[in-house]
Amino acid sequence: MGLFGLGKKAEINSPESALMLAGYTMLFTDDSIEEDKLLMLEKINTSGKELSKSPHYKNAKKFFDKHSFEECAEAIADALLEEEQETVFVNLVDFALADGDINEAERTLLALYSSYFDIDEDIFDKALEVMFIKHRMSV
Numbered sequence: 308m309g310l311f312g313l314g315k316k317a318e319i320n321s322p323e324s325a326l327m328l329a330g331y332t333m334l335f336t337d338d339s340i341e342e343d344k345l346l347m348l349e350k351i352n353t354s355g356k357e358l359s360k361s362p363h364y365k366n367a368k369k370f371f372d373k374h375s376f377e378e379c380a381e382a383i384a385d386a387l388l389e390e391e392q393e394t395v396f397v398n399l400v401d402f403a404l405a406d407g408d409i410n411e412a413e414r415t416l417l418a419l420y421s422s423y424f425d426i427d428e429d430i431f432d433k434a435l436e437v438m439f440i441k442h443r444m445s446v
């Protein structure tokens, strides 16, 4: 380990870290980072610190910088119980719809997560339906 923890390896070992990493990966499904998705990361930030100083956010960024989407999905799935995986998946659909639509990259990433989380097609479709309704009525 480096001086003052600077060399500490990023690990995804809690539901909070897993949710933050999952949300963080959704930032990179568009040509530019959308303000709506950053606001959603702020909402799930439980550290009491601003997002950029949150330990879960910094850990997610460090992990993502060194791992593929597939490796992120696997680490997230491993850190969560089955019911937590469903909750995180629904949150990911919410992230994907932050701008009111799901693009191809978001759909691909959701499919990747659904395979790692063992989300069946019925849950996938229901999550999409409910989140479409939520975002249609968002003010």
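Numbering-wise, the numbering used here puts 315 at position 8 of the sequence shown, and it's gapless, one number per residue. Positions of the beta carbon are idealized from the N, C-alpha and C atoms, including for glycine.
- With fewer than 16 other beta carbons inside 10 angstroms of its own, residue 437 counts as exposed.
- Nearest to residue 328 by C-alpha distance, out of 355, 381, 356, is 381.
- Comparing C-alpha distances from residue 431 to each of 412, 401, 337 shows the shortest one belongs to 401.
- Exposure of residue 346 is indicated by the presence of fewer than 16 other C-beta atoms within 10 angstroms of its C-beta.
- Scanning its chain for C-beta atoms nearer than 6 Å, with the 5 sequence neighbours on each side dropped, one finds around residue 397 the residues 434, in chain order.
- Proximity to residue 362 across 333, 422, 337, 318 peaks at 318, based on C-alpha coordinates.
- Each of 405, 339, 427 was checked against the Cα of residue 441, and the nearest Cα belongs to 405.
- Taking 9 Å as the cut-off, the Cβ atoms of residue 403 and residue 321 do not count as close.
- Residue 393 is a Cβ neighbour of residue 426, given a cutoff of 9 Å.
- Counting only runs of 3 or more residues that sit fully inside the segment 385–411, no beta strand (DSSP E) segment turns up.
- Counting of Cβ neighbours within 10 angstroms places residue 355 among the exposed residues, the total staying below 16.
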